[in-house]
Amino acid sequence: MRAESSWNTPRYAAQWPSLPKAQKLSEALGRQVEAWRSDYASNFSGPHSDMTVVWEPVVNAPDLQGIRLTHSVTAADSAIDSMTIYGDAGSSFTSRQLIADSQRKSLAQQFARQAVKADGGEPFEADPDDVFTDVSFTHDGTLVATMPEGTIGPMSDGRLYATVKNPQRYLTEEGRRVRGVAMKSPAPSTAQTPTSVAKPKETVDCTKAKCIALTFDDGPGPYTNSILDTLEEKKARATFFTLGPAVQAAPATVRRMVELGMGVGDHSWSHPQFTDLSDGEVTSEITRTAEVIKKVTGADPVAVRPPYGAYAKETPHAGFPFVLWDVDTEDWKNRNAAVTTQRALAGAHPGAIVLMHDIHPSTAKAVPGIIDALHEQGYTLVTVDELIPAMTKRGVYPTRPAQ
Ligand code: NI
């Protein structure tokens, strides 16, 4: 799985693996990328749009492989969806083919009802064709369906995830085969048992060194690994404030963060405004995500970042410090690498906490230049817990927001 095919023009960037032992799967991946490209070219292509495809393995055994393609389009609006395709030398099959024909409709309705329970209102009329594009299995055999926004709940809920603990009765023969391999093979993104992923301890004394903390919210997403590549190559650290379902969907990426010495923070489960919730709801938003992070990495999150930076004096912390920011790149709004870079560097100062989001391609593009410029200015890039080693469980940092 080393060789990659790719095409790259100013507005398209796509990568997918070429798998010599799974020829049929390679061909299916290439066809899917081509279908997205031609749809983009005829419907979205314009001066302010781009389309990207990135990939990750979800199953990797000698006789069966599974690849997730994550596809995002930034145009007037931005959209993201993913598809997991499985195969070997002689055949390939889509995620949909893992679920028995007779079961698709009722399982899709079950997911929609779960989504409604979390949200109130009437269940969505879920289209089984959209629901089963990205189906994978965790190491303990749980089925995880990742769905594009608007599939089983309102668009504002973003991408949605549903799980089934004992999915055997819904599966086809292919489905049972994939599940069996996922449960046996130590594929990184399906592994759930934490090994000791201890952080390489280098001591940085930020009272002496000129330290700065880059932070990335709302992931892990399709660009997180490319940001991690950059951080690794440039020997820099950062903190990722993650969402619980996204951690569940990409555990390998989160484990890699820890292996590289990054901080993993908790950005809640469903990204609500904490000030709109009851104390119990806030606590559950925080602890649900903290538990998934602990399950994947073996460690607690380093801190919590309330979505939108919204909290009140009496908001429960569930045992974690709150870490906000004092440099806002507004990368989610400008979606422009040059503007994001300019804002990050203009605000940089010793002790700064810089806010970015690892779900935008423009941010991933900006990161190498930001790191180079900060290094040239003599900064050491650290995690938030290295920057502020004595955080307390009820503390809010930075203590004096520079505004
Ligand atoms: Ni956020």
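For what it's worth, the working numbering labels the leading residue of the sequence shown as 2, then goes sequentially. Just so you know, even glycine gets a beta-carbon here, dropped at the ideal spot from N, CA and C.
Shortest gap from the CB of His-268 to any heavy atom of ligand 1: under 7 angstroms. When the alpha-carbon of Gly-222 is set against those of Thr-71, Gly-396 and Arg-395, the nearest one is in Thr-71. The segment 284 to 300 makes no contact with the segment 333 to 350; the number of CB pairs closer than 8 angstroms stays below 3.
In this structure, the alpha-carbon of Gly-310 lies about 18 angstroms from that of Gly-352. One alpha carbon belongs to Val-265, the other to Phe-321, and they sit about 13 angstroms apart. By the C-beta density criterion, Glu-286 is buried, having at least 16 other C-beta atoms within 10 angstroms. With fewer than 16 neighbouring CB atoms inside 10 Å of its own CB, Pro-390 falls in the exposed class. Contact annotation: the segment 376 to 383 touches the segment 229 to 244, with at least three C-beta pairs closer than 8 angstroms. Rounded to the nearest angstrom, the gap between the Cα atoms of Leu-375 and Thr-341 is 14 angstroms.
Counting only residues of its own chain and dropping the five nearest sequence neighbours on each side, Ile-228 has a CB closer than 7 angstroms to the CB of Phe-217, Asp-359, Ala-365 and Val-368.
Proximity of the segment 86 to 95 to the segment 125 to 132 falls short of the contact definition, fewer than three beta-carbon pairs being nearer than 8 angstroms.
Around the beta carbon of His-268, 16 or more other beta carbons sit within 10 angstroms, so the residue counts as buried.
DSSP places Thr-152 outside both helix and strand once states are collapsed to three, so it counts as coil. Straight through space, the alpha carbons of Gly-220 and Phe-323 are spaced by roughly 18 angstroms. Remark: the C-beta of His-272 is in contact range of ligand 1, defined as less than 7 angstroms to any heavy atom.
Between the beta-carbon of Ser-83 and that of Asp-135 there is about 5 angstroms, and that keeps the pair under the 8 angstroms contact cut. C-alpha of Ala-101 to C-alpha of Gln-169: approximately 10 angstroms in a straight line. Proximity to ligand 1 was defined by a C-beta distance below 5 angstroms to any of its heavy atoms, and the residues meeting it, in sequence along the chain, are Asp-218, Asp-219 and Pro-308.
Listed as beta-bridge partners of Thr-53 by DSSP are Ala-14 and Ser-73.
Exposed is the label assigned to Pro-21, since fewer than 16 other Cβ atoms lie within 10 Å of its Cβ. According to DSSP, Thr-243 shares a beta bridge with Gly-220 and Asp-267.
Val-355 and Val-283 have their C-alpha atoms roughly 24 angstroms apart.
At the C-beta level, Val-145 and Tyr-171 stay beyond 8 angstroms of one another. Judged by DSSP in its simplified three-state form, Ala-127 adopts coil rather than helix or strand. Exclusion of the five residues before and after Val-34 leaves Ala-15, Trp-17 and Val-54 as the residues of its chain whose Cβ lies within less than 6 angstroms of its Cβ. C-alpha of Arg-256 to C-alpha of Val-293: approximately 12 angstroms in a straight line.
Residues Thr-276 of the same chain have their beta carbon placed closer than 7 angstroms to that of Ala-313, with the five preceding and five following residues left out of the count. Taking Thr-330 as the centre and dropping the five residues before and after it, the same chain places the C-beta of Thr-341, Arg-344, Ala-345, Val-355, Leu-356 and Met-357 closer than 7 angstroms to its C-beta, in chain order. The residue among Ala-349, Thr-225 and Pro-252 with its C-alpha nearest the C-alpha of His-140 is Pro-252. Met-184 is bridged by DSSP to nothing; it lacks a bridge partner.
Short of 7 angstroms from the beta carbon of Gly-176, and not among the five residues preceding or following it, lie these beta carbons of its own chain, in chain order: Leu-99 and Ile-100. Taking the CA atoms as reference points, Val-179 sits about 38 angstroms from Gln-274.
In the structure shown, Asn-337 falls within a coil segment according to DSSP collapsed to helix, strand and coil.
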